[in-house]
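Trainee:
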Amino acid sequence: MPYWKDQNQWNLRVNTQWQYVINRNNAVRLNWDYEQQNHQDWMKSSLGYVWFF
Numbered sequence: 002m003p004y005w006k007d008q009n010q011w012n013l014r015v016n017t018q019w020q021y022v023i024n025r026n027n028a029v030r031l032n033w034d035y036e037q038q039n040h041q042d043w044m045k046s047s048l049g050y051v052w053f054f
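Start counting at 1 in the sequence shown, then tack on 1, and there's your number in our numbering.
#1: To the nearest angstrom, how far is the alpha carbon of residue 36 from that of residue 17?
#2: Less than 8 Å between CB atoms is the rule here; does residue 48 satisfy it with respect to chain B?
#3: For the beta strand (DSSP E) containing residue 14, list its first residue and its last residue.
#4: Can you tell me the Cβ-Cβ gap for residue 52 and residue 26, rounded? I've got them flagged as a contact below 8 Å.
#5: Determine the DSSP secondary structure at residue 3, reduced to helix, strand or coil.
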């Protein structure tokens, strides 16, 4: 393996948040996380409900 491949370490992170407001008191929120580090992938997504009062 070439020496430069051994020392080449990098990190990529993407974070996306999407929010849909239904009305004045209610909203739906969607989160998506993606991270790639040293040729390993990591992904996380979540769906949430927000109530404003």
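C-beta atoms are modelled at their ideal positions from N, C-alpha and C, and glycine is treated no differently. None of these values were measured; they are calculated from a predicted model.
Mentor: Based on what the coordinates show:
#1: On the sequence shown, residue 36 is found 35 positions in, with the first residue counted as 1. On the sequence shown, residue 17 is found 16 positions in, with the first residue counted as 1. Their backbone Cα atoms lie some 12 Å apart in a straight line.
#2: Looking at the structure shown, chain B is missing, and only one protein chain is on hand.
#3: Locating residue 14 in the sequence shown gives position 13, counting from the first residue. Taken as a continuous stretch (DSSP letters only), the beta strand (DSSP E) holding residue 14 covers 12 to 22.
#4: Taking the first residue of the sequence shown as 1, we reach residue 52 at position 51. Taking the first residue of the sequence shown as 1, we reach residue 26 at position 25. Correct: roughly 6 Å between the Cβ atoms.
#5: Taking the first residue of the sequence shown as position 1, residue 3 is located at position 2. Residue confidence is low: residue 3 scores 49 on pLDDT, short of 50, so the model does not pin down where it sits. Its coordinate-derived value is still stated next. Correct three-state label for residue 3: coil.
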